[in-house]
Ligand SMILES: Cc1cc2nc3c(=O)[nH]c(=O)nc-3n(C[C@H](O)[C@H](O)[C@H](O)COP(=O)(O)O)c2cc1C
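In this note's numbering, the protein residues as written are 3 to 333.
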């Protein structure tokens, strides 16, 4: 049985990737993901603010007496970056050691908000041996004068900047919150994205009504969260050149199969591995193989996108019909 897939220009032995999470924070963790059966590992993200802070500290050390250090400390006023123990230097070391001591592709992850000041760092990630970079642009537009088009432009510019800086493939991990997601996907595709990863999960804080505090909360995902990425993967399959990576809601091999049928080139998982441990990857893979065998599929290629919208003349009408049918199905 041929489980191989091509994702962001990388040849993978099968479509299961361990997405960014604390499981890849150490070399030991990355090795466990490889031993568990991951075809590739996306490292946890390094934040743009960490890169800026390290750069500012460097400037300060070179230019003692200037107030650049104070500036760097106020760059990210409400968050003690000490919470994120990894420095950009440590991150590069981890990329280097992971690339040297594993057989699978190591994809670094950068979480950024602007398009400035970190493309040099992307080059260093490439030099350290990463086979790809996933860009996770987390920005909630709180400047109400910014238009949708300007917001979208920021994503395209960031991508172009990194594409100019490195020759390894770049994946864009995206949120669904664009007024016309298909157009956004198309723009990124034209700007050279090697993959789109659908969809990023946002962790919205809760409020504690006793202490009157804002509470950062993180819950692991549930399988029902896969419907939105599933729908967009089905809509985009065959319409763009970039690969499609699915992230969100994989609990069993059934979700992996659904994502592939919709048209994903690779399927990622984090919550399931945090719950069950890295060895669960092998179970997901066995489930996929058994299903393929039972349904007579000899390769991933044969089943990928079978339930996508690629052959549908007017996907908008189909989506509308599905919506109406879904409401009616309650009766
Ligand atoms: C504890 C935790 C840490 C995460 N850290 C990162 C991160 O550093 N960078 C990133 O892009 N995504 C991060 N994610 C998101 C995951 O990579 C993944 O996209 C998300 O959990 C949805 O997939 P899942 O349903 O398989 O969990 C994190 C998720 C969890 C639960």
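Virtual Cβ for every residue (Gly too), placed ideally from N, Cα, C.
Which residues bound the beta strand (DSSP E) around residue i?
{"i": "residue 249", "result": "245-249"}
{"i": "residue 299", "result": "No beta strand (DSSP E) contains residue 299, which DSSP labels as neither H nor E."}
{"i": "residue 306", "result": "Unbroken run through residue 306: none, as it is neither H nor E."}
{"i": "residue 193", "result": "Run containing residue 193: none; DSSP gives neither H nor E here."}
{"i": "residue 42", "result": "42-49"}
{"i": "residue 208", "result": "208-210"}
{"i": "residue 8", "result": "7-9"}
{"i": "residue 216", "result": "215-217"}
{"i": "residue 134", "result": "134-139"}
Measure the C-alpha to C-alpha separation of residue i and residue j and round it to an integer number of angstroms.
{"i": "residue 76", "j": "residue 54", "result": "For residue 76, the pLDDT reaches just 39, beneath the cut-off of 50, and the residue's location in the model is therefore unreliable, although a value from the coordinates is still provided. In a straight line, the C-alpha of residue 76 is about 11 Å away from that of residue 54."}
{"i": "residue 134", "j": "residue 183", "result": "24 Å"}
{"i": "residue 310", "j": "residue 265", "result": "6 Å"}
{"i": "residue 274", "j": "residue 18", "result": "12 Å"}
{"i": "residue 199", "j": "residue 314", "result": "23 Å"}
{"i": "residue 143", "j": "residue 188", "result": "21 Å"}
{"i": "residue 34", "j": "residue 235", "result": "29 Å"}
{"i": "residue 25", "j": "residue 94", "result": "17 Å"}
{"i": "residue 114", "j": "residue 211", "result": "32 Å"}
{"i": "residue 28", "j": "residue 296", "result": "38 Å"}
{"i": "residue 320", "j": "residue 333", "result": "21 Å"}
{"i": "residue 73", "j": "residue 51", "result": "Since pLDDT at residue 73 reaches only 37, below the 50 mark, its modelled position is unreliable, and the value read off the structure follows with that caveat. About 12 Å."}
{"i": "residue 324", "j": "residue 316", "result": "13 Å"}
{"i": "residue 153", "j": "residue 147", "result": "11 Å"}
{"i": "residue 257", "j": "residue 224", "result": "11 Å"}
{"i": "residue 83", "j": "residue 327", "result": "Since pLDDT at residue 83 reaches only 44, below the 50 mark, its modelled position is unreliable, and no value is offered."}
{"i": "residue 68", "j": "residue 120", "result": "Because the pLDDT at residue 68 is just 41, under 50, the model does not fix this residue reliably, and the value given afterwards should be weighed accordingly. When rounded, the distance between both Cα atoms is 22 Å."}
{"i": "residue 241", "j": "residue 96", "result": "36 Å"}
{"i": "residue 16", "j": "residue 112", "result": "24 Å"}
{"i": "residue 85", "j": "residue 292", "result": "In this prediction, residue 85 has a pLDDT of 44, which is less than 50 and means its spatial position is unreliable; nothing more can be read from the coordinates."}
{"i": "residue 12", "j": "residue 279", "result": "25 Å"}
{"i": "residue 246", "j": "residue 214", "result": "42 Å"}
{"i": "residue 81", "j": "residue 151", "result": "With a pLDDT of only 44 at residue 81, under 50, the local geometry of the prediction cannot be trusted, and no value is derived from it."}
{"i": "residue 329", "j": "residue 207", "result": "31 Å"}
{"i": "residue 30", "j": "residue 14", "result": "21 Å"}
Determine the contact status of residue i and residue j, defining contact as a CB-CB distance below 9 Å.
{"i": "residue 252", "j": "residue 286", "result": "yes"}
{"i": "residue 201", "j": "residue 249", "result": "yes"}
{"i": "residue 281", "j": "residue 122", "result": "no"}
{"i": "residue 197", "j": "residue 10", "result": "yes"}
{"i": "residue 255", "j": "residue 298", "result": "no"}
{"i": "residue 261", "j": "residue 231", "result": "yes"}
{"i": "residue 337", "j": "residue 195", "result": "With the chain represented from 3 up to 333, any question about residue 337 goes unanswered, as that position is not in the structure."}
{"i": "residue 22", "j": "residue 136", "result": "yes"}
{"i": "residue 263", "j": "residue 308", "result": "yes"}
{"i": "residue 186", "j": "residue 3", "result": "no"}
{"i": "residue 322", "j": "residue 7", "result": "no"}
{"i": "residue 222", "j": "residue 277", "result": "yes"}
{"i": "residue 116", "j": "residue 32", "result": "no"}
{"i": "residue 118", "j": "residue 91", "result": "no"}
{"i": "residue 283", "j": "residue 132", "result": "no"}
{"i": "residue 141", "j": "residue 239", "result": "no"}
Starting from residue i, trace the alpha helix (DSSP H) both ways and give me its first and last residue.
{"i": "residue 92", "result": "90-103"}
{"i": "residue 324", "result": "317-330"}
{"i": "residue 128", "result": "121-130"}
{"i": "residue 32", "result": "29-38"}
{"i": "residue 277", "result": "273-278"}
{"i": "residue 266", "result": "Taken as a continuous stretch (DSSP letters only), residue 266 belongs to no alpha helix (DSSP H), as it is neither H nor E."}
{"i": "residue 153", "result": "150-167"}
Would you say residue i touches ligand 3, meaning its beta carbon is less than 8 Å from a heavy atom?
{"i": "residue 318", "result": "Ligand 3 is not part of this structure, which contains only ligand 1."}
Practice task
Examine the Cβ distances between the region 155-172 and the region 126-133 and report whether three or more of them are shorter than 8 Å.
Solution key: yes
Problem - Beta carbon nearer than 7 Å to a non-hydrogen atom of ligand 1 - result: 21, 22, 23, 24, 44, 46, 47, 111, 113, 136, 138, 175, 202, 203, 220, 222, 223, 227, 249, 250, 251, 252, 270, 271, 272, 273, 274 and 276
Practice task
Mind the definition here: the region 297-306 touches the region 269-282 only if three or more C-beta pairs lie below 8 Å; say whether that holds.
Solution key: no
Practice task
Could you say if the region 175-182 and the region 159-166 meet the contact criterion of at least three C-beta pairs nearer than 8 Å?
Solution key: Contact check between the region 175-182 and the region 159-166: fewer than three CB pairs, one atom from each, fall below 8 Å, which does not count as touching.
Exercise for the section: Report yes or no: do three or more beta-carbon pairs, one from the region 34-52 and one from the region 101-119, lie closer than 8 Å? Expected result: yes
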